[in-house]
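Colleague: Chains as they are written, first to last, in my numbering: chain A, 3 to 368; chain B, 3 to 368. We put the beta carbon where it would ideally sit given N, CA and C, even for glycine.
Protein chains: 2
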Amino acid sequence: MEYETPLFFHVMGYAADAEGDVIDMVSGNPDWEPPESLREGLREYADFDADRFQYPPSEGIRPLREEIAARRGVGVSQVVLTNGAGEANYLAMARALERGAGSEVILTDPVYSYYPGKTTMLGGRAHYVSAGADGQLDPSVVRAAASEDTAAIVVNTPNNPTGAVYPEATVHELVEIAETNDAILVSDEVYDHYDLSGTFTSALSVDSAHRIVTNAFSKSLAITGFRVGYAIFPPHLVDDAKSRHMLVNVAGSRPAQYAVLRALQETDPAYHEANRDLLRERVDLFTGALESAGADYVEPDGAFYVLARFDGYPGTLETVEQLIDQAGVAGMPGSAFGESASSWLRFALVTPRVEEAADRLAEYVA
Amino acid sequence: MEYETPLFFHVMGYAADAEGDVIDMVSGNPDWEPPESLREGLREYADFDADRFQYPPSEGIRPLREEIAARRGVGVSQVVLTNGAGEANYLAMARALERGAGSEVILTDPVYSYYPGKTTMLGGRAHYVSAGADGQLDPSVVRAAASEDTAAIVVNTPNNPTGAVYPEATVHELVEIAETNDAILVSDEVYDHYDLSGTFTSALSVDSAHRIVTNAFSKSLAITGFRVGYAIFPPHLVDDAKSRHMLVNVAGSRPAQYAVLRALQETDPAYHEANRDLLRERVDLFTGALESAGADYVEPDGAFYVLARFDGYPGTLETVEQLIDQAGVAGMPGSAFGESASSWLRFALVTPRVEEAADRLAEYVA
Numbered sequence: 003m004e005y006e007t008p009l010f011f012h013v014m015g016y017a018a019d020a021e022g023d024v025i026d027m028v029s030g031n032p033d034w035e036p037p038e039s040l041r042e043g044l045r046e047y048a049d050f051d052a053d054r055f056q057y058p059p060s061e062g063i064r065p066l067r068e069e070i071a072a073r074r075g076v077g078v079s080q081v082v083l084t085n086g087a088g089e090a091n092y093l094a095m096a097r098a099l100e101r102g103a104g105s106e107v108i109l110t111d112p113v114y115s116y117y118p119g120k121t122t123m124l125g126g127r128a129h130y131v132s133a134g135a136d137g138q139l140d141p142s143v144v145r146a147a148a149s150e151d152t153a154a155i156v157v158n159t160p161n162n163p164t165g166a167v168y169p170e171a172t173v174h175e176l177v178e179i180a181e182t183n184d185a186i187l188v189s190d191e192v193y194d195h196y197d198l199s200g201t202f203t204s205a206l207s208v209d210s211a212h213r214i215v216t217n218a219f220s221k222s223l224a225i226t227g228f229r230v231g232y233a234i235f236p237p238h239l240v241d242d243a244k245s246r247h248m249l250v251n252v253a254g255s256r257p258a259q260y261a262v263l264r265a266l267q268e269t270d271p272a273y274h275e276a277n278r279d280l281l282r283e284r285v286d287l288f289t290g291a292l293e294s295a296g297a298d299y300v301e302p303d304g305a306f307y308v309l310a311r312f313d314g315y316p317g318t319l320e321t322v323e324q325l326i327d328q329a330g331v332a333g334m335p336g337s338a339f340g341e342s343a344s345s346w347l348r349f350a351l352v353t354p355r356v357e358e359a360a361d362r363l364a365e366y367v368a
Numbered sequence: 003m004e005y006e007t008p009l010f011f012h013v014m015g016y017a018a019d020a021e022g023d024v025i026d027m028v029s030g031n032p033d034w035e036p037p038e039s040l041r042e043g044l045r046e047y048a049d050f051d052a053d054r055f056q057y058p059p060s061e062g063i064r065p066l067r068e069e070i071a072a073r074r075g076v077g078v079s080q081v082v083l084t085n086g087a088g089e090a091n092y093l094a095m096a097r098a099l100e101r102g103a104g105s106e107v108i109l110t111d112p113v114y115s116y117y118p119g120k121t122t123m124l125g126g127r128a129h130y131v132s133a134g135a136d137g138q139l140d141p142s143v144v145r146a147a148a149s150e151d152t153a154a155i156v157v158n159t160p161n162n163p164t165g166a167v168y169p170e171a172t173v174h175e176l177v178e179i180a181e182t183n184d185a186i187l188v189s190d191e192v193y194d195h196y197d198l199s200g201t202f203t204s205a206l207s208v209d210s211a212h213r214i215v216t217n218a219f220s221k222s223l224a225i226t227g228f229r230v231g232y233a234i235f236p237p238h239l240v241d242d243a244k245s246r247h248m249l250v251n252v253a254g255s256r257p258a259q260y261a262v263l264r265a266l267q268e269t270d271p272a273y274h275e276a277n278r279d280l281l282r283e284r285v286d287l288f289t290g291a292l293e294s295a296g297a298d299y300v301e302p303d304g305a306f307y308v309l310a311r312f313d314g315y316p317g318t319l320e321t322v323e324q325l326i327d328q329a330g331v332a333g334m335p336g337s338a339f340g341e342s343a344s345s346w347l348r349f350a351l352v353t354p355r356v357e358e359a360a361d362r363l364a365e366y367v368a
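This is the structure in structure tokens:
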């Protein structure tokens, strides 16, 4: 279950090179608009004095850190701006592993594909606990797996690829399990604005020295290419995390941080509500068409993805290529997300053509 | 000689909080203008279609990689765009250390302060070779220090903090020493556009599987806050470097990469010549005033810095704070750059007030 660097790229390239019309549902790139105020932030930046083109503070521009701290109810000193959620998770996992409190990282299966690679790169050992294709995690399974060798428990809610949203009781119990085992719960909440269930609970809802929350504006503001994310550390872990951030990246990109600040200050909640409505509509259209065709799928409670499966079509790269060539729909093989998703395919709802895609799939596999 | 994360920040904060007028010569932040086309690139970006706001390729936008490859005479597949030279050096040093070909990193003394911290973070052991305060490196000293345990030799030319520019013979011999010892020469050339001597030689001038060249647009385009850099790897090392880049950062910030592309395509060589002229003038003014006052200094051949020393004022944080408070000039303690610079102070020529600064210093220490 090692992260296969080229797999996403391979599938995207294969889809792009395919003959004929292919509906691209490979990657989690929103196809909706970023807020207008974000564009305005870039325009404004172009005319700033030259000193604004120089290094921001390593931990990020102060007003954005303050805005995040105020919204999340934490101290501004706990907030480190990162190069997207990718770096936030890297810093969080590094900090958990470097404390001398174990070398094992508990990951779920299915898993977001980057976590295993980060674990290995940081010298940790992955220990998988089964969440099943519906993605719901039984805390007692995590409790049984945790030990004094557990450095971190890494979860993602709302979940990629399953769409699961963990209930409050699960989140609180995960924090408690981390505390009991001197581990760090790393809660990646990058899809928090795409909770379709109304039940999402952030790990910040429990005050604890044993949890780090990671997030980014990549999905919530539809700007995966800007690379502005953040991690919220307990006070005793933040200084070492800032040091690593400085030694790896020095700082993040300042115009992008500023544009995000403008967008945060000026974007109406209606923007996010409209994106959720769009996604909800696409979930209904896509799963409705699968339902009509008698196909098996997982109804997501959040995030951008639907897992689906078709008899005789395992969740492999071969199936994905076959569906690109012959059905004109590009997804990701479930096997990229772990053993328990190996009979599934993941489709990202980032195209207006989701109903047509489901119909194409149903027709092809019929 | 461990990298002290807060030292730069401490000094900058101390200078900012000081009473009265302080001339800031702490950090290598250009105070001159970025090219107008770079600003135009941001303006243009603000109006792009939403799909341009999503993930760029992990290794960076293709036309910028092509532009760099063409200018540097390497294959485009060898070029990885990074989050500034900081990440480029991190990726290069990580790759050198992870080959299973030694755990020692040869660094110069004086040294650019980030290299020791990166070495330790990556599990390497620093082995210092003396360059002396003038910064010139005798290759035979490096040859004597190199062994089968040498993973990397990390150099910076034009050099921060000494201003040394290595002659062609030194660069070629360093590559040969790396080859002989199965090591990697990491040549950080971020100040290449600020060679005042006309003798700068890139390590790219020797084709070798044992050198990685790192660079950035932070200094050459006066945009330290944009975070666009690159590393050029030998073909057999590039794939693993791309994997680490992806696992740490996913990708760099796309609007910043695009603005740099526009600036590269449209900026006249006269822009760089004017910046060199400005720097040359500042070097003359600053060192001239020091000379008149009978102070000791190192005449830089490139980069932004002048090392100076004054009898009775060692290169310590205490001296720096004293000079901020009582002379109204903020520099960096030489001790931050290693043993051999411990009697020196480093002044960055990033203010139009360099002559006044030198006069203030001379008057205070007289």
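#1: In terms of DSSP beta bridges, what is Phe349 of chain B paired with?
#2: In chain B, which residues lie less than 7 Å from Phe288 of chain A when you measure between Cβ atoms?
#3: Given Ala94 of chain B, which residues of its chain have a CB within under 6 Å of its CB, disregarding the five upstream and five downstream residues?
#4: Based on the DSSP secondary-structure assignment, which residues constitute the bridge partners of Asp303 of chain A?
#5: Taking the C-alpha atoms as reference points, what is the distance between Ser204 of chain B and Asp197 of chain B?
#6: Of all Cβ atoms in chain A, is any one closer than 9 Å to the Cβ of Tyr5 of chain B?
#7: In chain order, which beta strand (DSSP E) runs of at least 3 residues are fully inside the stretch 192-237 of chain B?
#8: Can you give me the start and stop residues for the beta strand (DSSP E) that Ala153 of chain A sits inside?
#9: Report yes if the C-beta distance between Ser342 of chain B and Pro316 of chain B is below 9 Å; otherwise report no.
#10: What would DSSP say about Asp140 of chain B, mapped onto helix, strand or coil?
#11: Taking buried to mean at least 16 other C-beta atoms within 10 Å of its own C-beta, is Ser142 of chain B buried or exposed?
#12: In angstroms, rounded to a whole number, what distance separates the CA positions of Phe235 of chain B and Asp242 of chain B?
#13: Mapping the DSSP letters down to three states, classify Glu6 of chain A as helix, strand or coil.
#14: Please list the residues of the stretch 112-138 of chain A that have a C-beta atom closer than 7 Å to any C-beta atom in chain B, keeping them in chain order.
#15: Could you give the distance in angstroms between the alpha-carbon of Gln56 of chain A and the alpha-carbon of Tyr117 of chain B?
#16: On the three-pair Cβ rule with 8 Å, is the stretch 271-280 of chain B touching the stretch 85-104 of chain B?
#17: According to the neighbour-count rule (16 or more other Cβ atoms, all chains shown, within 10 Å of its Cβ), is Trp34 of chain B buried or exposed?
#18: Consider the Cβ of Leu319 of chain B: report whether some Cβ of chain A lies at a distance smaller than 9 Å.
#19: If you count every other CB in all the chains shown that lies within 10 Å of the CB of Ala435 of chain A, and 16 or more means buried, which is it?
#20: In chain order, what residues of the same chain have a beta carbon less than 6 Å from the beta carbon of Pro58 of chain B, not counting five sequence neighbours either side?
#21: Rounded C-beta distance between Val24 of chain B and Ala332 of chain B? I'm assuming under 8 Å.
#22: For a contact defined as C-beta to C-beta under 9 Å, what are the partners of Gly333 of chain A on chain B?
#23: Out of curiosity, what's the CA-to-CA distance linking Pro312 of chain B and Trp346 of chain B?
#24: The stretch 212-235 of chain A: which residues have C-beta closer than 7 Å to a C-beta of chain B, in chain order?
#25: Inspect the CB distances between the stretch 129-142 of chain A and the stretch 166-176 of chain A and report whether three or more fall short of 8 Å.
#26: Report yes or no: do three or more beta-carbon pairs, one from the stretch 280-292 of chain B and one from the stretch 346-357 of chain B, lie closer than 8 Å?
#27: Against chain B, does Gly102 of chain A count as a neighbour if the rule is that its beta carbon must be under 9 Å from one of theirs?
#28: Using a 10 Å radius around the Cβ and a threshold of 16 neighbouring Cβ atoms, would you call Ala18 of chain B buried or exposed?
#29: Please tell me whether Ser29 of chain A has its Cβ less than 9 Å away from any Cβ of chain B.
#30: Considering only their Cβ atoms, is the gap separating Glu150 of chain B from Gly104 of chain B smaller than 9 Å?
#31: State the CB to CB distance for the pair Phe202 of chain B and Thr159 of chain B, rounded to an integer number of angstroms; the pair is presumed to be in contact (CB under 8 Å).
#32: Below 8 Å on the Cβ atoms is my contact criterion, and I expect Leu223 of chain B with Leu40 of chain B to pass it. Report the Cβ-Cβ distance as a whole number of Å.
#33: Exposed or buried, what is Ser199 of chain A when buried is set at 16 or more other beta-carbons lying within 10 Å of its beta-carbon?
#34: Would DSSP call Pro65 of chain B helix, strand or coil?
#35: Say whether chain B places a C-beta atom closer than 9 Å to the C-beta of Gln56 of chain A.
#36: Chain A partners of Asn85 of chain B, CB-CB under 7 Å?
Modeller: According to the data block:
#1: B:Val308
#2: Going along chain B, no residue has its Cβ under 7 Å from Phe288 of chain A, so there is no contact; the nearest lies around 20 Å.
#3: Answer for Ala94 of chain B: Val188, Ile214, Thr216, Ala233, listed in chain order.
#4: Looking at the DSSP assignment, Asp303 of chain A forms no beta bridge with any residue, so it has no partner.
#5: 11 Å
#6: For Tyr5 of chain B, the pLDDT reaches just 42, beneath the cut-off of 50, and the residue's location in the model is therefore unreliable, although a value from the coordinates is still provided. Taking Cβ atoms only, chain A reaches closer than 9 Å to Tyr5 of chain B, which makes this a yes.
#7: 213-218, 231-234
#8: 152-158
#9: no
#10: coil
#11: exposed
#12: 10 Å
#13: Caution is warranted here: a pLDDT of 46 is assigned to Glu6 of chain A, below 50, making its placement in the model unreliable, and the coordinate value is therefore given only provisionally. Here Glu6 of chain A sits in coil by DSSP.
#14: Tyr116, Gly119, Lys120, Met123
#15: Each residue's Cα considered, the two are about 21 Å apart.
#16: no
#17: exposed
#18: At a cut-off of 9 Å between beta carbons, Leu319 of chain B makes no contact with chain A.
#19: As shown, chain A starts at 3 and ends at 368. That puts residue 435 of chain A outside it, with no answer to give.
#20: Ala253, Arg256
#21: So it is a contact: roughly 5 Å between Cβ atoms.
#22: Here the premise fails: no neighbours, minimum Cβ distance about 17 Å.
#23: In the sequence on display, residue 312 of chain B carries Phe and not Pro. Between Phe312 of chain B and Trp346 of chain B, the C-alpha separation is close to 8 Å.
#24: If the cut-off is 7 Å between Cβ atoms, the stretch 212-235 of chain A has Ala224, Ile225, Thr226, Gly227, Phe228, Arg229 near chain B.
#25: Touching, yes, given that three or more Cβ pairs across the two stretches are closer than 8 Å.
#26: yes
#27: Output row for Gly102 of chain A: interface = no.
#28: When all chains shown are included, Ala18 of chain B counts as exposed.
#29: yes
#30: yes
#31: 7 Å
#32: 6 Å
#33: exposed
#34: helix
#35: yes
#36: Asn85, Asn251
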